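Student: Heads up: the sequence shown begins at 679 in this note's numbering, then just goes up one per residue. Got a structure here, written out as structure tokens. Questions coming.
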Amino acid sequence: CTACDPCENLVLQEEPAPSGAQKAVVFRRQCGVLGGASTQVSVLPASANQDAGGNIFGADADGDQ
Numbered sequence: 679c680t681a682c683d684p685c686e687n688l689v690l691q692e693e694p695a696p697s698g699a700q701k702a703v704v705f706r707r708q709c710g711v712l713g714g715a716s717t718q719v720s721v722l723p724a725s726a727n728q729d730a731g732g733n734i735f736g737a738d739a740d741g742d743q
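Spelled out as structure tokens, the structure:
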């Protein structure tokens with residue numbers, strides 16, 4: 679249920695792999711007023727959109743992983 683997900687992603691940077699088949703996406707994820715924000719990283723197929731949480735790395739505002 680996409681409409682039920684209170685989280686929003688703001689893409690900060692995308693870097694393509696040398697082959698062009700994949701990309702690394704660095705983004706800020708905000709999950710509602712009480713959910714806080716975190717910086718996250720995903721590696722995705724080049725044509726994919728970042729619409730979920732990071733699949734490689736995530737750090738909250740306090741630096742916790």
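Beta carbons: idealized from backbone N, C-alpha and C, even for Gly. In this text the structure is predicted, and so the values were computed from the model without any measurement.
Under 8 Å by Cβ, that's how I've got leucine 688 and valine 703 pegged, so tell me the actual separation to the nearest angstrom.
Tutor: Walking along the sequence shown from the start, residue 688 turns up at place 10. Walking along the sequence shown from the start, residue 703 turns up at place 25. Not really, about 11 Å apart at Cβ, beyond 8 Å.
Student: Tell me, please, which residues DSSP counts as bridged to valine 704.
Tutor: Within the sequence shown, residue 704 is the residue found at index 26, counting from 1. Answer is Gln691, Val719.
Student: Which one or two residues does DSSP pair with glycine 736 in a beta bridge?
Tutor: Mapped onto the sequence shown, residue 736 falls at position 58. BP columns for glycine 736 point to Gln718.
Student: Exposed or buried, what is serine 720 when buried is set at 16 or more other beta-carbons lying within 10 Å of its beta-carbon?
Tutor: Numbered from 1 along the sequence shown, position 42 holds the residue referred to as residue 720. Buried, by the Cβ-count rule.
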